[in-house]
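Encoded as structure tokens, the structure appears first; notes follow it.
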Amino acid sequence: MTKVPDLEERKKALDISSHFHVESPAGAGKTGLIIERILTLLSGVSNPSEILAMTFTRKAAAEMKGRILEILRAAAENEKTGDEYTDSVIEKGKKAISRYSGLRREMLLSGADLQITTIHGFCLQVCTRAPLESGLEPGLVLVDEREQERLQEIAAREVINDLLSRPQNDPARSALESRLLMHNMDVKALIAEISSLLAKRDQLGDLLSVLGTGEDSDQFLEKFQENITEIIRMQLRRLEEIITESEIGKRWDDFIDYLSEHDAKCLENVPRECPSAHWKDLSHWQRLSDIFLTNNGKIRRSWGPRHGGLPAGFSKTTWKSAIMNLGDEFVEYLNEIRRYPDLEKFADEVEAVEDLILVVWAALKVYRKICRSKGVIDYVDLELGALKALGSVESVTDSLLFWDRSIKHILIDEFQDTSSTEYRIIQRLLGGWESGDGRTLFLVGDPKQSIYRFRKADVSIFYKAEKGIERDGLEPIKPVPIKLRTNFRSSSGLISWVNSLFGKTVMSRPRIEYEEVRFIDAIPACDNDGSRCIPEFALFVKQEDESGNRVRRREATYLARKVEERLAILEPGETIGVLVFTRTHLACYLEAFKEAGIPLQVKDGLKLAEIPEVAHLANLARAIVRP
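Note that the numbering used here numbers the sequence shown so that position 594 is 577, with each residue one more than the last.
Here it is, written out as structure tokens:
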């Protein structure tokens, strides 16, 4: 077996006495690693159901379970493949099944005892076991996202009609009328707004709960400030870190003395103490941004009384150099916090948000009534129901105690797709874990794939968990970070080219709050010819008397010819893929390939009526009707 560059890291990930946070890009063999860990865990638990493995699609869960069962059955038959890696995995399977006998062994080999499911499959188990604690009736059917959107729109329309029929002095009616005015009486826009917020109601939980308990506007303002503060806290924390370590931060008192001695105009806008990450210092940071930055957000090049209100001759001082040395990241954050409102002075602006939340609260009651009448539930309420059933540290439920006793090891695949509610569910499950009790957490994901925003996925959770999973009143669980770099899928030449390109273009300093991700160089699993993948460029310039379509046809003809040349030297089993920029250009390329006599299969982009199989069926139907 070829030496795998990150083999030691992979071996470390099979230590079933430790927690791990694994960053695994596409092609790094993460599924195989999870399977190996599950097999290793099976040989150390008394019941296979003590292991909970979760991913985010039913297909992925079924494939993982199928592969594990295939290995266990091969182990039961004492199979040998001759492949060193496969045989080593089968050996782990042998150790797993040797721990069980009789009915327990049969249940393991049938998969009945394997808890490999989706996050929503697990939530359904929690709610089914605890209908009273979850507040959800048994037997509810999960709706897909398209049906959820349709029901939300119905609820939005119904609540608008209902609220407008109420007395003039009704608070909810007044709130609705205010929202209509905000949308210039555009009912469709208001329906879209209400529907969108119904889908995101789990993120509005604190604000909705304030209205649901009948608390007044002061409590709403306080809760709203907390939510806004959470958004800006990360930026303020980073600003504080940078300035604290800088020369100007370490000598802040001297800087203030210098400004005072020279009677600087800006002195009244400079805080006497170096600003902190507390939200009450937001206004101090904003005033500093006016001094340090230009109107377009760049660091000043000119300094003086007319440029930042600084003393004459400031450009020649060491203070100017100290500010310039704060760096691009500091400037970027400082410019961004300019747009935030002063949280102590925007009470009047909160009224508009309070109106919106009041309307959404009324719409939510209508939406849930519609869902109950149809016997359905959406993913959001399923997750919220599971969260409610699992209780909290202050209010431990029977359901939480059951799962705390039942689960010893948790593995989560595609962790970059975790939403804030799902993360809270995971935190609840870890609430009773203690150091050294033998329980483990294993998180695997690839933040670069979180671009798909799968059901409100929040990539910052992936990075947050790497530093530690916080728990109410307990020490955080700190997993060992592992970064897999070996790529088993791509050639070394292609990997080298991707590393050289994306290592320069992808953010070297990812902004987690904006869901930016870091780039990590990949390493080929084995050396082949070591050659680089050099792309060939072809530029097609539009002539003065030439239309855009004609240029596109020239490009398509050229591409068809290049593919034809490649087909002549293609190795058996190899294929060629063509990516086009937009679907509207597809017809032009199809025509060029057809003229060149090159057969192809369109994977995506054709309209239903344009798919060959559909066209054949349509022609067959015509022949039957009119022979």
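Quick reminder that beta carbons are idealized off the backbone N, C-alpha and C, glycines included.
For residue j and residue i, believed in contact at Cβ under 8 angstroms, the rounded distance
{"i": "Ile465", "j": "Lys(-5)", "result": "7 angstroms"}
{"i": "Asn482", "j": "Ala508", "result": "About 14 angstroms separates the two Cβ atoms, so there is no contact after all."}
{"i": "Leu309", "j": "Ile226", "result": "7 angstroms"}
{"i": "Asn318", "j": "Ser272", "result": "6 angstroms"}
{"i": "Val427", "j": "Lys63", "result": "Going by Cβ atoms, the distance from Val427 to Lys63 rounds to 29 angstroms, so no, they are not a contact pair."}
{"i": "Ile34", "j": "Leu25", "result": "7 angstroms"}
{"i": "Arg41", "j": "Leu92", "result": "With 8 angstroms as the limit, Arg41 and Leu92 do not qualify as a contact, their Cβ atoms being about 22 angstroms apart."}
{"i": "Ala295", "j": "Glu230", "result": "Their Cβ separation, rounded to whole angstroms, is 22 angstroms, which puts Ala295 and Glu230 out of contact at 8 angstroms."}
{"i": "Lys48", "j": "Leu(-3)", "result": "The Cβ separation is near 19 angstroms, so there is no contact."}
{"i": "Cys249", "j": "Gly291", "result": "6 angstroms"}
{"i": "Glu19", "j": "Lys75", "result": "6 angstroms"}
{"i": "Phe502", "j": "Phe485", "result": "5 angstroms"}
{"i": "Ser382", "j": "Val142", "result": "About 32 angstroms separates the two Cβ atoms, so there is no contact after all."}
Candidates the options, of which the one nearest residue i by Cα
{"i": "Tyr350", "options": "Glu315, Lys391, Ser229 and Leu181", "result": "Leu181"}
{"i": "Ala521", "options": "Ser530, Asn532, Ala505 and Thr540", "result": "Thr540"}
{"i": "Arg537", "options": "Leu573, Ala113 and Leu426", "result": "Leu573"}
{"i": "Ser403", "options": "Arg422, Gly419, Ile452 and Arg388", "result": "Ile452"}
{"i": "Ile460", "options": "Ile18, Asn279, Ile409 and Val109", "result": "Ile409"}
{"i": "Ala372", "options": "Ile360, Phe385, Gly292 and Tyr362", "result": "Phe385"}
{"i": "Ala448", "options": "Asn602, Asn278 and Asp400", "result": "Asp400"}
{"i": "Leu341", "options": "Leu542, Glu319, Val124 and Arg162", "result": "Arg162"}
{"i": "Val124", "options": "Val359, His4 and Phe313", "result": "Val359"}
{"i": "Glu622", "options": "Ala440, Phe564, Asn279 and Ile274", "result": "This structure cannot speak to residue 622, because the chain is shown only from -16 to 610."}
{"i": "Glu519", "options": "Ala551, Gln526 and Trp480", "result": "Trp480"}
{"i": "Ile21", "options": "Leu424, Phe297, Phe313 and Lys348", "result": "Leu424"}
{"i": "Lys450", "options": "Gly287, Pro462 and Glu458", "result": "Pro462"}
{"i": "Phe445", "options": "His261, His4 and Asn144", "result": "His4"}
{"i": "Gln218", "options": "Leu97, Ala44, Lys303 and Val314", "result": "Val314"}
{"i": "Glu132", "options": "Val109, Arg41, Leu550 and Glu176", "result": "Glu176"}
{"i": "Trp302", "options": "Arg255, Phe238 and Lys248", "result": "Phe238"}
{"i": "Leu147", "options": "Val170, Ser71, Val126 and Leu412", "result": "Val170"}
{"i": "Phe398", "options": "Gln432, Glu377, Glu19 and Asp381", "result": "Gln432"}
{"i": "Asp420", "options": "Pro(-12), Ala44 and His2", "result": "His2"}
{"i": "Tyr83", "options": "Ala44, Asn30 and Ser475", "result": "Asn30"}
{"i": "Lys352", "options": "Arg50, Gly85 and Leu119", "result": "Leu119"}
{"i": "Cys257", "options": "Asn278, Glu223, Arg289 and Gln186", "result": "Glu223"}
{"i": "Asp441", "options": "Ser418, Arg407, Glu417 and Phe576", "result": "Arg407"}
{"i": "Lys183", "options": "Pro288, Ile552, Asp364 and Lys586", "result": "Asp364"}
{"i": "Ser0", "options": "Thr23, Glu312 and Glu(-9)", "result": "Thr23"}
{"i": "Ser259", "options": "Arg221, Val585 and Ala247", "result": "Arg221"}
Range covered by the alpha helix (DSSP H) that runs through residue i
{"i": "Phe576", "result": "Leu569 to Glu578"}
{"i": "Thr40", "result": "From DSSP, Thr40 is part of no alpha helix (DSSP H); its letter is neither H nor E."}
{"i": "Pro150", "result": "Looking at the DSSP string, Pro150 is not in any alpha helix (DSSP H), and its letter there is neither H nor E."}
{"i": "Glu319", "result": "Asp311 to Glu319"}
{"i": "His164", "result": "Looking at the sequence shown, residue 164 is not His but Leu. Segment Pro154 to Met165, the alpha helix (DSSP H) holding Leu164."}
{"i": "Lys299", "result": "From DSSP, Lys299 is part of no alpha helix (DSSP H); its letter is neither H nor E."}
{"i": "Arg20", "result": "Lys13 to Leu25"}
{"i": "Arg411", "result": "Ser403 to Leu412"}
{"i": "Arg566", "result": "Where Arg566 is concerned, there is no enclosing alpha helix (DSSP H), given that its DSSP letter is neither H nor E."}
{"i": "Ile503", "result": "Premise fails: Ile503 is in no alpha helix (DSSP H) and is neither H nor E."}
{"i": "Glu230", "result": "Glu230 to Lys233"}
{"i": "Lys75", "result": "Glu67 to Ile80"}
{"i": "Lys466", "result": "Counting along the chain, Lys466 falls outside any alpha helix (DSSP H), though it belongs to the beta strand (DSSP E) covering Val463 to Lys466."}
{"i": "Leu367", "result": "Tyr362 to Ala372"}
{"i": "Glu(-9)", "result": "Leu(-10) to Lys(-5)"}
{"i": "Phe385", "result": "Asp381 to Ser389"}
Endpoints, the beta strand (DSSP E) within which residue i is located
{"i": "His103", "result": "Note, His103: premise wrong, no beta strand (DSSP E); alpha helix (DSSP H) at Ile102 to Arg112."}
{"i": "Val5", "result": "Phe3 to Glu6"}
{"i": "Pro430", "result": "That residue, Pro430, is in no beta strand (DSSP E); it is neither H nor E in DSSP."}
{"i": "Leu181", "result": "Not the beta strand (DSSP E): Leu181 falls in the alpha helix (DSSP H), residues Val170 to Ala182."}
{"i": "Ile444", "result": "It is not in any beta strand (DSSP E) - Ile444 instead sits in the alpha helix (DSSP H) that spans Val442 to Lys450."}
{"i": "Leu394", "result": "His392 to Ile395"}
{"i": "Leu86", "result": "Premise fails: Leu86 lies in the alpha helix (DSSP H), Gly85 to Ser93, not in any beta strand (DSSP E)."}
{"i": "Leu457", "result": "Leu457 to Ile460"}
How do the region 337 to 344 and the region 95 to 108 stand: do at least 3 beta-carbon pairs fall below 8 angstroms, yes or no?
no
Could you check whether the region 8 to 21 touches the region 468 to 476, counting it as contact only if at least three pairs of C-beta atoms, one from each stretch, sit closer than 8 angstroms?
yes
Using a Cβ distance threshold of 8 angstroms, determine whether the region 261 to 277 contacts the region 230 to 243, with at least three qualifying pairs required.
no
Only counting runs of 4 or more residues, tell me where the alpha helix (DSSP H) segments fall wholly within the region 244 to 289, in order along the chain.
265 to 275
Indicate whether the contact test is met: 3 or more Cβ pairs, each with one atom in the region 574 to 583 and one in the region 541 to 553, closer than 8 angstroms.
yes
Pairing CB atoms from the region 361 to 372 with CB atoms from the region 108 to 116, are three or more of them under 8 angstroms?
yes
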